[in-house]
Ligand SMILES: C[S@@+](CC[C@H](N)C(=O)[O-])C[C@H]1O[C@@H](n2cnc3c(N)ncnc32)[C@H](O)[C@@H]1O
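In this note's numbering, the protein residues as written are 2 to 289.
1) For the region 99-106 and the region 179-196, state whether three or more C-beta atom pairs, one from each stretch, are separated by less than 8 Å.
2) Going by DSSP, which residues form a beta bridge with residue 93?
3) Check whether the Cβ of residue 146 sits closer than 7 Å to any heavy atom of ligand 1, and report yes or no.
4) In chain order, what residues of the same chain lie with their CB nearer than 7 Å to the CB of residue 252, ignoring the 5 residues before and after it?
5) Excluding the 5 residues flanking residue 199 on each side, which residues of the same chain have their C-beta closer than 7 Å to its C-beta?
6) How is residue 135 classed by DSSP in three states: helix, strand or coil?
7) Going straight from the alpha carbon of residue 29 to that of residue 239, what length do you get?
8) Compute the Euclidean distance between the alpha carbons of residue 247 and residue 217, then round it to the nearest angstrom.
9) Enumerate in chain order the residues of its own chain whose CB-to-CB distance from residue 279 is below 7 Å, with the five nearest sequence positions on each side excluded.
10) Could you tell me whether the Cβ atoms of residue 195 and residue 163 are closer together than 8 Å?
11) Decide if residue 174 is buried, meaning its Cβ has at least 16 other Cβ atoms within 10 Å, or exposed.
12) Please determine whether the Cβ atom of residue 261 lies at a distance below 7 Å from any heavy atom of ligand 1.
Rendered as structure tokens:
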């Protein structure tokens, strides 16, 4: 079991692996953790494999596009409560460039979580350009409301051990984007997991076990009925030693109310503001 830490960094001989619950070690790469020679040999093999991986990825992309087309024809329109509008069609691929990598994101229109939102792009820019201020290397990072996964992918490319979460409906697309864009490029294999705000949190993510260095959230505040649950979820994960980074485009009156509650709940700092995009990025820590 991981040791619970009040601070955000490792101490003594503790490694990131020590902090990860046993069940989550499956599939995790501990590159350069202990056996460096084996790591180097593996890197060589990986380089050789990269060419064939490009071909594999292209095939995978075609398969994924076909899968979406099939779904579009056969899947009944499933509407989770409050996920309107729900138009089931494929939008296509969006390309981004962060941390020296091209990132291909598949989007669709079947839920809010199936497209890239402006605050995610703004936060990716911020993290990429402010690596000293926010050093994600070897940090334990949780993203809530991850949507298509762009932000989690960037955090992963920046060296973090990332868990990307969202409601079950969007996990297929999220998983596919996250794995396709991080495979072979990251220190740690990211995890993708369901997390509905304020649902069974203490059972699924007990605070005594899950202590993240960073919690990321982009454009999770808009016109929906789960704002109280969202704030409670942020509180659940933002423990002493955790830094919560929340980026949002301000759109509605309710967004301003949430921001006020957010400021009352945490110690907050406005990291940056992008007036042209109406996006603000806040950093928060626990008041406990
Ligand atoms: C506007 S989208 C933003 C997606 C992504 N963070 C981005 O910026 O591109 C909001 C995200 O929050 C998720 N979400 C909304 N309500 C939720 C809830 N009650 N529990 C968990 N996730 C939720 C949605 O599925 C969606 O992925």
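Note that the Cβ used here is the ideal one computed from N, Cα and C, for glycine as well.
Taking the geometry as given:
1) yes
2) Residue 93 sits at position 92 when you count from the first residue of the chain shown. Answer by DSSP bridge pairing, in chain order: 108.
3) Counting from one through the chain shown, the residue named residue 146 turns up at place 145. Yes; taking the cut-off as 7 Å, the Cβ of residue 146 has a heavy atom of ligand 1 nearer than that.
4) As a first step, residue 252 is located in the chain shown; it is residue number 251 there, counting from the start. Correct list, in chain order: 223.
5) For the purposes of this step, residue 199 is taken as residue 198 along the chain shown, with counting starting at 1. Cβ within range, chain order: 230, 233, 234.
6) The residue labelled residue 135 in the question sits at position 134 within the chain shown. Looking at residue 135 - three-state DSSP - the assignment turns out to be coil, as it is neither helix nor strand.
7) Translated into the one-based positions of the chain shown, residue 29 becomes position 28. Translated into the one-based positions of the chain shown, residue 239 becomes position 238. Its pLDDT being 34, under 50, residue 29 is placed unreliably in this model, and the value from its coordinates should be taken loosely. Roughly 24 Å separates the two Cα atoms.
8) Taking the chain shown and counting its residues from 1, one reaches residue 247 at position 246. Taking the chain shown and counting its residues from 1, one reaches residue 217 at position 216. If I take the Cα positions, the gap works out to 6 Å.
9) As a working note, residue 279 is residue 278 in the chain shown. These residues qualify, in order along the chain: 250, 251.
10) For the purposes of this step, residue 195 is taken as residue 194 along the chain shown, with counting starting at 1. For the purposes of this step, residue 163 is taken as residue 162 along the chain shown, with counting starting at 1. Cβ distance not < 8 Å, so residue 195 and residue 163 don't count as in contact.
11) As a working note, residue 174 is residue 173 in the chain shown. That one is buried.
12) Residue numbering aside, residue 261 sits at position 260 when the chain shown is read from its first letter. No.
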